[in-house]
Amino acid sequence: FLKEEEVLDKAEIWAQKYLHAHPVWFGSFSAILVISDPDYAKAVLARGDPKDNVSYKHLVPWIGNGLLILHGPKWHQHRKLLTPGFHYDVLKPYVALMAESTNVMLDKWDKLVTDGKPVELFEHVSLMTLDSIMKCAFSCHSNCQTNRKNTYIQAVYDLCLMVHQRLRIFPYHNDIIYWLSPHGFRFRKACQLAHDHTDKVIHERKESLKDEQEFEKVQKKRHLDFLDILLCARDENGAALSDEDLRAEVDTFMFEGHDTTASGIAWLFYCLASHPEHQARCREEIQGILGDRQTIQWEDLGKMTYSTMCIKESLRLYPPVPGVSRQLSKPITFSDGRTLVVGEDLGKMTYSTMCIKESLRLYPPVPGVSRQLSKPITFSDGRTLRSVFDPSRFSPENISGRHSHAFLPFSAGTRNCIGQQFAMNEMKVALALTLLRFELLPDPTKPPLKIPQIILRSKNGIHLSLKKIR
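Okay, here's the thing in structure tokens:
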């Protein structure tokens, strides 16, 4: 039985050994098919298969049936409804709000670095991204970064841990056993804390919209924020979203809009701390773009060429969402002619046909697919080229002609991440403002141990030393 911190490394070893796909069994009763080929991933993600009915269902008591879980006509309805919330003109003013939240975090770091001790960054970054999503998507200034203890952040961390724990303990897949267990009790308590936070945000906005003038003012806005869209949405019969649907979408985006981005930013800082030459080059680029300014604007983001390459290389090595899964609904034929057949014995695998049980899930892991970005050259110290931080992989000349599904930090196909531009913008803002004020240095005594707990976390946190630049 693998330790948590060994899972992703083992998955990478298997992906290197089995070039297209391979099954991974859990006992003799459950299995997933791991895909490690871009063509295979493209074939799977291009279809409309629902998310798998094993792992994702454990999220439903927490985030409900929102955009992440839904499939079919209702998913299309919600996706169409929410897409305007990520329009170019909506994202543009968010840059100032992201910068404001980042500066609050950096001001806190100013006070923490006086004793010279390394700082655990993940919690700080999580509070910052929660602050940002609250301001941007919900127009809510929560001051969560300055509160002494944020119960929502702790609840989200606990829920991620417990969902992952439930997946790994097979008897807990049974609802009766789980809900009667001490872990089930803790899960319900954490869910209630998360729901209380969400309900407060929704209630406050609903109260403000009871004022007719305020409601008309919101409707006249050229581009509504995420919560505006949800509250003002009406179907063809004039009916609003149900309270259940409303809470599910808010819970989904409250979680996805801050926790995944926090993971991306924290691992990016770790990568740059571990590679000072790339950190210095990013800082030079940012200083050249901003000049004497200490603020960042929308127009600056597109000029951050090398910084963007570093962000993408960090996402390749440390994807915030380590994998996506699908429940196969019918047979699928891949580009090399091999066919995946449903409802058969998994043991009957030949070159031309892979037979799977109906309950088997497809799981294209992002790191496994991303290995196609380079050939596995091994160095004398045992490292492979794929594990080396090399932003040049994403230079214009290197991405030209590359397979469209070789790099999938935000998934792909119709169900790609609706907030990917929001996330990239926030990573750029956080990177630029941080490097203007601090030099990031690794803490060799506490190297991070990456573990997949819905998102990619570190078992022992991400500890870095911070050196003031100004």
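Just so we're aligned, residue 609 is where the sequence shown starts under my numbering, counting upward by one.
We put the beta carbon where it would ideally sit given N, CA and C, even for glycine.
Sorted by chain position, which residues of the same chain lie with C-beta nearer than 8 Å to residue i's C-beta, five sequence neighbours on each side aside?
i: G990; result: In this predicted model, G990 has a pLDDT of only 49, less than 50, meaning its place in the structure is not dependable; the value taken from the coordinates is given anyway. Correct list: empty, nothing qualifies.
i: S988; result: Per-residue confidence for S988 stands at a pLDDT of 47, beneath the threshold of 50, marking its modelled position as unreliable; no derived number is given.
i: I1026; result: L675, R687, L690, T691 and F694
i: N1033; result: L699, Y702, V703, M706 and L909
i: L1085; result: One cannot answer for residue 1085 here, as it falls past the ends of the chain, which runs 609 to 1078.
i: L1044; result: R891, I894, Q895, L898, Q902, I1077 and R1078
i: L678; result: H686
i: P658; result: H679, G680, R934, Q935 and S937
Leaving out five residues before and five after residue i in sequence, what residues of the same chain have Cβ atoms less than 7 Å from its Cβ?
i: K1067; result: E612, E613, L1057 and I1059
i: V809; result: F746, C748 and V858
i: S1073; result: P726, L1049 and D1051
i: I1062; result: C768, V771 and H772
For the alpha helix (DSSP H) that residue i lies in, which residues bound it at each end?
i: A888; result: P884 to L898
i: Q624; result: V615 to K625
i: V929; result: Premise fails: V929 is in no alpha helix (DSSP H) and is neither H nor E.
i: F861; result: D851 to E864
i: M1097; result: Beyond the ends of the chain as shown, which are 609 and 1078, falls residue 1097; an answer cannot be given.
i: D766; result: T759 to R776
i: T903; result: Run containing T903: none; DSSP gives neither H nor E here.
i: C799; result: P790 to L817
i: C840; result: F834 to C840
i: I1007; result: P1004 to I1007
Report the partner residues of residue i according to the DSSP bridge assignment.
i: K1058; result: S1066
i: H630; result: V642
i: C1076; result: Going by the sequence as given, residue 1076 is Lys instead of Cys. For K1076, which the question treats as bridged, DSSP gives the partners F1046.
i: H749; result: BP columns for H749 are empty, so no partner.
i: H1071; result: E728
Output needed for residue i: all residues of its chain with C-beta closer than 6 Å, excluding positions within five of it in sequence on either side, in chain order.
i: D739; result: S709, C752 and Q753
i: A802; result: A763
i: K920; result: F1002
i: S967; result: Unreliable positioning characterises S967 in this predicted model, as indicated by a pLDDT of 41, which lies under 50. The coordinate reading is nonetheless provided below. Cβ within range, chain order: n/a, list empty.
i: W633; result: A639
i: D645; result: H628
i: L720; result: V727
i: A841; result: L689 and L849
i: M917; result: P999 and F1002
i: A881; result: L1048, L1049, P1050 and L1072
i: N661; result: Q935
i: V733; result: A870, I873 and A874
Hey, is residue i close to the ligand ATP, as in C-beta under 7 Å from one of its heavy atoms?
i: I1026; result: Of ligands this structure carries none, so the ligand ATP is not represented either.
If we define contact as Cβ-Cβ less than 8 Å, is residue i a contact residue for chain B?
i: L788; result: Chain labels in this structure do not include chain B; a single protein chain is all it has.
Margin query: Using 8 Å as the cut-off, can you tell me whether the stretch 870–888 makes contact with the stretch 1037–1051, which would need three or more C-beta pairs spanning the two stretches below that distance?
Written below: Enough Cβ pairs lie closer than 8 Å, so yes.
Notebook entry, point to check: Counting only runs that start and end within the stretch 639–709, where is the alpha helix (DSSP H) found for 4 or more residues in a row?
Noted result: Within the stretch 639–709, the complete alpha helix (DSSP H) runs of at least 4 residues are 646–653, 668–671, 680–690 and 696–699.
Check: Is it true that the stretch 655–667 meets the stretch 760–777, where meeting means three or more beta-carbon pairs spaced less than 8 Å apart?
Finding: The stretch 655–667, when compared against the stretch 760–777, does touch it at the 8 Å Cβ threshold.
Notebook entry, point to check: At a cut of 8 Å, does the stretch 679–690 reach the stretch 999–1019 through at least three beta carbon pairs?
Noted result: no
Item checked: Three or more C-beta pairs below 8 Å linking the stretch 782–793 and the stretch 842–862 -> no
Check: How do the stretch 1007–1016 and the stretch 861–873 stand: do at least 3 beta-carbon pairs fall below 8 Å, yes or no?
Finding: Counting Cβ pairs under 8 Å, fewer than three are found: no touch.
Note to self: With three or more beta-carbon pairs closer than 8 Å as the criterion, would you say the stretch 922–941 touches the stretch 883–894?
What the structure shows: no
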